[in-house]
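The listed protein sequences correspond, in order, to chains G and A. Here our numbering is used: the first residue of the first sequence is 1, the next is one more, and so on. Here our numbering is used: the first residue of the second sequence is 1001, the next is one more, and so on. Structure first, then comments.
Number of protein chains: 2
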Amino acid sequence: MLFFTQCFGAVLDLIHLRFQHYKAKRVFSAAGQLVCVVNPTHSLKYAPTRCAAAQTSAEQGVLSPCHHHEAVHDPQLVPCTCPLFSCPWEGHLEVVVSHLRQTHHINILQGAEIVFLATDMHLPAPTDWIIMHSCLGHQFLLVLRKQEKYEGHPQFFATMMLIGTPTQADNFTYRLELNRNQRRLKWEATPRSVLECVDSVISDGDCLVLNTSLAQLFSDNGSLAIGIAITTSKVHNAEVEM
Amino acid sequence: MLFFTQCFGAVLDLIHLRFQHYKAKRVFSAAGQLVCVVNPTHSLKYAPTRCAAAQTSAEQGVLSPCHHHEAVHDPQLVPCTCPLFSCPWEGHLEVVVSHLRQTHHINILQGAEIVFLATDMHLPAPTDWIIMHSCLGHQFLLVLRKQEKYEGHPQFFATMMLIGTPTQADNFTYRLELNRNQRRLKWEATPRSVLECVDSVISDGDCLVLNTSLAQLFSDNGSLAIGIAITTSKVHNAEVEM
């Protein structure tokens, strides 16, 4: 009996997933775009001190971890870059992706243009939606965060970070696009490196920022579809392109 | 002596204007785009009751003014749509433009694509930057407002309104574009009619919203250049275009 109940649940989940996938496809009608349904994770704790220290290290060009013990570190070691958990892991930049997949179960998607479909946008802040995006020979981390910068007024912040150095990040441009209800919002910027902390990018507001009412206008039945595209930046100064 | 001092002041103003114009041209390099320097106006008072009533009337399809006297009104009369002043004027939609020009000295610009260069972004909220834009046989009102929705945290809100009915407004799409420091932000939407109140559009957050740090990233020496384009919307549902 339990077996049948579980099977029925799984079938219902599949139908729900398929339906959400279909909805995102309908919104982003460009054929062939990969739609990824991303479920939220309620953020129980942040580790701002680790992040602040990691950022200072990145700014100084040294990629050292920062666990307040004064041992000599391999400068190629980085603390865990997943913004969800205050994870004690540290490792080389090359193994950050496998750590994020294996330990934090963050999905990885292939393709130059994908659609990130964040579900359950109504959940209370702080909440994160995270995926990795493999593209142009590199891996990127997309973070959508619901956070109350001003108490009682949750906002949504979306940014893309390269799992690589700041110098490597400078070679790319990412675009986040929302499109619904006769409104369109596009944000284009150079991705930041995961060595700079996602928390500081969001607290600086240097990312796509949505207030709750705009997020609702762009949402469909509690899910927000964000079109993502990554390109190599031919001209570093985007101003001359306009 | 006074005459020479004034002449010198005027020459300095002209040089400053020319310099700002040049800067905006450099940012928006597409040749032939008209750059308009827009100076701020500190908003001393708002008239929310008038606006709320005007909006109710617009929603009901009746374009009546709302000065709390129960006289029979010409349904084509509208209260003054200028968001700056609680102006007692009311008149036909056809003469709103000349009223805004003559009484409130709001400039009007011609051209499908223009650059709106708002100066002195550092001024305290509430502050408005306003121009009219004549394009495709219609007049539009562009309002950039600095306002503290959350106390101590000023934000910038930009929207475009048609000086016409909501039905006429549905035929257009406007685009606001910011482009600087390797970041680009685009907002596309159907303009609202001036019969709906600009205050409610802004309080709903259904417009381009910038926090102070983003506004600073997009500003150049205290001035914010916003590229504006208006098109006729061939397909009402913009979602299928993507």
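By construction, the Cβ of each residue, glycine as well, lies at the ideal position given by its N, Cα and C atoms.
Cα-Cα, which of A:Q1110, A:L1141, A:H1153 is closest to T1212 of chain A? If you number the second sequence from 1, residue 1212 of chain A lands on position 212. Taking only the C-alpha atoms, the option nearest T1212 of chain A is A:H1153.
Please classify D206 of chain G as buried or exposed, where buried requires at least 16 neighbouring CB atoms within 10 angstroms. Residue mapping note: residue 206 of chain G aligns to position 206 of the first sequence, counting from 1. It counts as buried.
Quick check: the Cα distance between M161 of chain G and V194 of chain G, rounded to an integer number of angstroms? Position 161 of the first sequence, counted from the start, is the residue given in the question as residue 161 of chain G. Position 194 of the first sequence, counted from the start, is the residue given in the question as residue 194 of chain G. C-alpha separation (whole angstroms): 6 Å.
Buried or exposed (CB count within 10 angstroms, at least 16 for buried), S98 of chain G: Position 98 of the first sequence holds residue 98 of chain G. Exposed.
Give me the residue from A:V1198, A:C1087, A:L1142 with the minimum Cα distance to F1116 of chain A. Translated into positions along the second sequence, residue 1116 of chain A becomes position 116. The shortest C-alpha separation from F1116 of chain A is found at A:L1142.
Cβ closer than 7 Å: which chain G residues qualify as neighbours of H1153 of chain A? Start at 1 with the first residue of the second sequence, and residue 1153 of chain A comes out as number 153. What H1153 of chain A touches in chain G: Y150.
On a Cα-Cα basis, can you pick out the residue from G:C87, G:L93, G:L109 that is closest to V243 of chain G? This structure cannot speak to residue 243 of chain G, because chain G is shown only from 1 to 242.
List the residues of chain A whose Cβ lies closer than 9 Å to the Cβ of E188 of chain G, in chain order. By 1-based counting over the first sequence, the position of residue 188 of chain G is 188. Under the 9 Å cutoff, chain A gives N1179, Q1182, R1183, R1184, L1185, K1186.
In whole angstroms, give me the CA-to-CA distance for T1250 of chain A and D1199 of chain A. Past the boundaries of the shown model lies residue 1250 of chain A; chain A is included only from 1001 to 1242, so the question cannot be answered.
Beta strand (DSSP E) runs contained entirely in the segment 1087 to 1155 of chain A, provided each spans 3 or more residues: 1090 to 1092, 1108 to 1110, 1113 to 1118, 1127 to 1135, 1138 to 1150
Could you have a look at T56 of chain G and say whether DSSP puts it in helix, strand or coil? Counting from 1 along the first sequence, the entry for residue 56 of chain G is found at position 56. Residue placement at T56 of chain G is flagged as unreliable, the pLDDT there being 43, under the threshold of 50; a coordinate-derived value is accordingly withheld.
Which chain A residues are close to N221 of chain G, counting only those with a beta carbon under 9 Å from its beta carbon? The residue you call residue 221 of chain G lines up with position 221 of the first sequence. The premise fails here: N221 of chain G is roughly 15 Å from chain A at the closest Cβ pair, so nothing lies under 9 Å.
Would you check if there are 3 or more beta carbon pairs closer than 8 Å linking the segment 166 to 182 of chain G to the segment 220 to 234 of chain G? yes
Contact list for the segment 1204 to 1217 of chain A against chain G, Cβ threshold 9 Å: D1204, G1205, D1206, C1207, L1208, V1209, L1210, N1211, T1212, S1213, L1214, L1217
Taking Cβ positions, are T1190 of chain A and Q182 of chain G nearer each other than 7 Å? The count along the second sequence starts at 1 and reaches residue 1190 of chain A at position 190. The count along the first sequence starts at 1 and reaches residue 182 of chain G at position 182. Result yes, Cβ atoms of T1190 of chain A and Q182 of chain G sit closer than 7 Å.
Which term fits L1100 of chain A, buried or exposed, when burial requires 16 or more other beta carbons within 10 angstroms of its beta carbon? Here residue 1100 of chain A refers to the residue found at position 100 of the second sequence. By the 10 Å Cβ count, L1100 of chain A comes out buried.
Do we get a CB-CB distance below 7 Å when we pair L44 of chain G with the residues of chain A? In the first sequence, counting from the first residue as 1, residue 44 of chain G sits at position 44. With a pLDDT of 49 at L44 of chain G, under the threshold of 50, the predicted position of this residue should be treated as unreliable, though the coordinate-derived value follows. It does not; no Cβ of chain A falls within 7 Å.
Segments of 4+ residues assigned as alpha helix (DSSP H) that fall wholly inside the segment 1154 to 1199 of chain A: 1166 to 1169
Give every residue of the same chain whose Cβ lies closer than 6 Å to the Cβ of I106 of chain G, excluding the five residues on either side of it in the sequence, and list them in chain order. What you label residue 106 of chain G is simply residue 106 of the first sequence in a count that begins at 1. The answer, listed in chain order, is L100, I130, M132.
Contact under 7 Å by Cβ, T1119 of chain A with N1221 of chain A: Reading the second sequence from its first residue, position 119 is the one you call residue 1119 of chain A. Reading the second sequence from its first residue, position 221 is the one you call residue 1221 of chain A. Cβ distance not < 7 Å, so T1119 of chain A and N1221 of chain A don't count as in contact.
Rounded C-beta distance between V209 of chain G and F172 of chain G? I'm assuming under 8 Å. For the purposes of this step, residue 209 of chain G is identified with residue 209 of the first sequence, where counting begins at 1. For the purposes of this step, residue 172 of chain G is identified with residue 172 of the first sequence, where counting begins at 1. That belief does not hold up - the Cβ atoms of V209 of chain G and F172 of chain G are roughly 21 Å apart, past 8 Å.
Would the beta-carbon of L1224 of chain A fall within 7 Å of that of M1121 of chain A? In the second sequence, the residue the question calls residue 1224 of chain A occupies position 224. In the second sequence, the residue the question calls residue 1121 of chain A occupies position 121. Yes; because the gap between Cβ atoms is below 7 Å, this pair is in contact.
Consider the C-beta atom of C135 of chain G and the heavy atoms of the ligand SAM; say whether any pair is separated by less than 6 Å. The model on display carries no ligand, and the ligand SAM is accordingly not part of it.
Pull up the CB-CB distance for T1159 of chain A and V1201 of chain A, whole angstroms please, since I reckon it's below 8 Å. The residue you call residue 1159 of chain A lines up with position 159 of the second sequence. The residue you call residue 1201 of chain A lines up with position 201 of the second sequence. At roughly 5 Å, the Cβ-Cβ gap stays under 8 Å, so T1159 of chain A and V1201 of chain A are in contact.
For S284 of chain G, which of helix, strand or coil comes out of DSSP? Examination of residue 284 of chain G is not possible in this model, given that chain G is present from 1 through 242 alone.
For I163 of chain G and P88 of chain G, I'd like the C-alpha separation in whole angstroms. Your numbering for residue 163 of chain G matches position 163 in the first sequence. Your numbering for residue 88 of chain G matches position 88 in the first sequence. Going from the Cα of I163 of chain G to the Cα of P88 of chain G covers about 18 Å.
Measuring only the C-alpha atoms, how far is T232 of chain G from R145 of chain G? Taking the first sequence and counting its residues from 1, the one referred to as residue 232 of chain G is at position 232. Taking the first sequence and counting its residues from 1, the one referred to as residue 145 of chain G is at position 145. Computed Cα separation, rounded: 25 Å.
Only counting the same chain, and skipping five residues up and downstream in sequence, which positions put a Cβ closer than 7 Å to that of A169 of chain G? Here residue 169 of chain G corresponds to residue number 169 of the first sequence, with the count starting at 1. L162, T190, P191, R192, S193.
Let's test the definition: count the other Cβ atoms within 10 Å of the Cβ of E1151 of chain A and tell me whether it reaches 16, buried, or not, exposed. Walking along the second sequence from the start, residue 1151 of chain A turns up at place 151. Its Cβ having fewer than 16 others within 10 Å, E1151 of chain A is exposed.
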